[in-house]
Amino acid sequence: EAQVTQNPRYLITVTGKKLTVTCSQNMNHEYMSWYRQDPGLGLRQIYYSMNVEVTDKGDVPEGYKVSRKEKRNFPLILESPSPNQTSLYFCASSGGYNEQFFGPGTRLTVL
Amino acid sequence: SQQGEEDPQALSIQEGENATMNCSYKTSINNLQWYRQNSGRGLVHLILIRSNEREKHSGRLRVTLDTSKKSSSLLITASRAADTASYFCATDGGTGGFKTIFGAGTRLFVKA
């Protein structure tokens, strides 16, 4: 089944404790992206990647890192999480300038 | 920055009625997409319309695009309770690449 998976789905952590949210797709898509969703703000793009080793900043990259060492994986790294990074995070992938396929989301709470 | 702005923010209708949602954006675009999101879940792609297209249909969905007004509308005909969801427009901001800008969304509630 073609899908985008994210782990973990839920995470509660404390300020400053480094964490990684994994994202993997099995559709051989070149493009992958991370978004955060906050009430009333829709989805905001954090980082995106056009291909392996190619990443670029979205609208809200501060406080986040990404890497794209393999085509199928695009982890999101929070080196020192803060409470304002409490949000619902989505990973997405696409095979071209077309529809994006979204993962199920990761709900992160930073205390 | 928020590119797409949906209007209305919330819409409540009876089953069988049509639902119209609007999206306005600020910059030139290459394409505009509409997505649906059921409560707290991942977004599902509905339809893409390119900047040189004016109207597109997919089942009960009809999307229009007016690049001169920088606006798009999504019409859902004969709505069903299962259409209850949030609907978002997304643009590429004219970059031609994969930078994606979503609006804040319209929450649609269809009463059975």
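Protein chains in written order, with the working numbering: chain A, 456 to 566; chain B, 339 to 450. C-beta atoms are modelled at their ideal positions from N, C-alpha and C, and glycine is treated no differently. The model shown is predicted, which means the values in this text are computed figures rather than measured ones.
Under the three-state DSSP convention, the category residue 514(A) falls into = Looking up residue 514(A) in the first sequence gives position 59. Coil at residue 514(A), not helix or strand.
Within the same chain, show all residues whose beta-carbon is closer than 6 angstroms to that of residue 452(B), passing over the 5 residues directly before and after it, in chain order.
-> The question about residue 452(B) has no answer, for chain B in this structure spans 339 to 450.
Taking Cβ-Cβ distances below 8 angstroms as the criterion, which residues of the stretch 476-508 of chain A are in contact with chain B?
-> 486, 488, 490, 495, 496, 497, 498, 499, 500, 503 and 505
Assuming residue 498(A) contacts residue 545(A) (C-beta within less than 8 angstroms), just tell me the rounded distance between them.
-> Taking the first residue of the first sequence as position 1, residue 498(A) is located at position 43. Taking the first residue of the first sequence as position 1, residue 545(A) is located at position 90. Confirmed, Cβ separation roughly 7 angstroms.
For residue 460(A), which of helix, strand or coil comes out of DSSP?
-> As a position in the first sequence, residue 460(A) is number 5, starting the count at 1. When DSSP states are grouped into helix, strand and coil, residue 460(A) belongs to the strand group.
Taking the runs of the alpha helix (DSSP H) that are 4 residues or longer, which of them lie wholly in the stretch 349-387 of chain B?
-> Secondary structure remark: continuous alpha helix (DSSP H) runs of at least 4 residues inside the stretch 349-387 of chain B: none found.
For residue 371(B), go through chain A and note every residue whose CB falls closer than 9 angstroms to its CB, in chain order.
-> The count along the second sequence starts at 1 and reaches residue 371(B) at position 33. In chain order: 553, 554 and 555.
Where residue 375(B) and residue 426(B) are concerned, what is the direct C-alpha to C-alpha distance, given to the nearest angstrom?
-> Mapped onto the second sequence, residue 375(B) falls at position 37. Mapped onto the second sequence, residue 426(B) falls at position 88. Roughly 8 angstroms between the two C-alpha positions.
Contact under 8 angstroms by Cβ, residue 556(A) with residue 549(A) = Counting from 1 along the first sequence, the entry for residue 556(A) is found at position 101. Counting from 1 along the first sequence, the entry for residue 549(A) is found at position 94. Yes, these two residues count as a Cβ contact at 8 angstroms.
Would you check if the distance between the CB atom of residue 406(B) and the CB atom of residue 357(B) is smaller than 8 angstroms?
-> As a working note, residue 406(B) is residue 68 in the second sequence. As a working note, residue 357(B) is residue 19 in the second sequence. Their beta carbons are not under 8 angstroms apart, which means residue 406(B) does not touch residue 357(B) by this criterion.
Would a C-beta distance cut-off of 8 angstroms place residue 476(A) and residue 561(A) closer than the cut-off?
-> Taking the first residue of the first sequence as position 1, residue 476(A) is located at position 21. Taking the first residue of the first sequence as position 1, residue 561(A) is located at position 106. Yes, Cβ-Cβ distance for residue 476(A) and residue 561(A) is below 8 angstroms.
Tell me whether residue 483(A) sits in a helix, a strand or coil according to DSSP, three-state version.
-> Counted from its first residue, the first sequence places residue 483(A) at position 28. Note: residue 483(A) maps to coil in three-state DSSP.
Given 8 angstroms, three or more beta-carbon pairs between the stretch 514-524 of chain A and the stretch 349-366 of chain B = no
Residue 441(B) versus residue 430(B) - alpha carbon distance = To locate residue 441(B), count along the second sequence from 1; it is residue 103. To locate residue 430(B), count along the second sequence from 1; it is residue 92. Taking the straight line joining both Cα atoms gives about 12 angstroms.
By how many angstroms is the C-alpha of residue 457(A) removed from the C-alpha of residue 339(B)?
-> What you label residue 339(B) is simply residue 1 of the second sequence in a count that begins at 1. What you label residue 457(A) is simply residue 2 of the first sequence in a count that begins at 1. Unreliable placement is indicated for residue 339(B), whose pLDDT of 35 sits below 50; the coordinate value is still reported in the next sentence. Straight-line Cα distance between these residues: approximately 31 angstroms.
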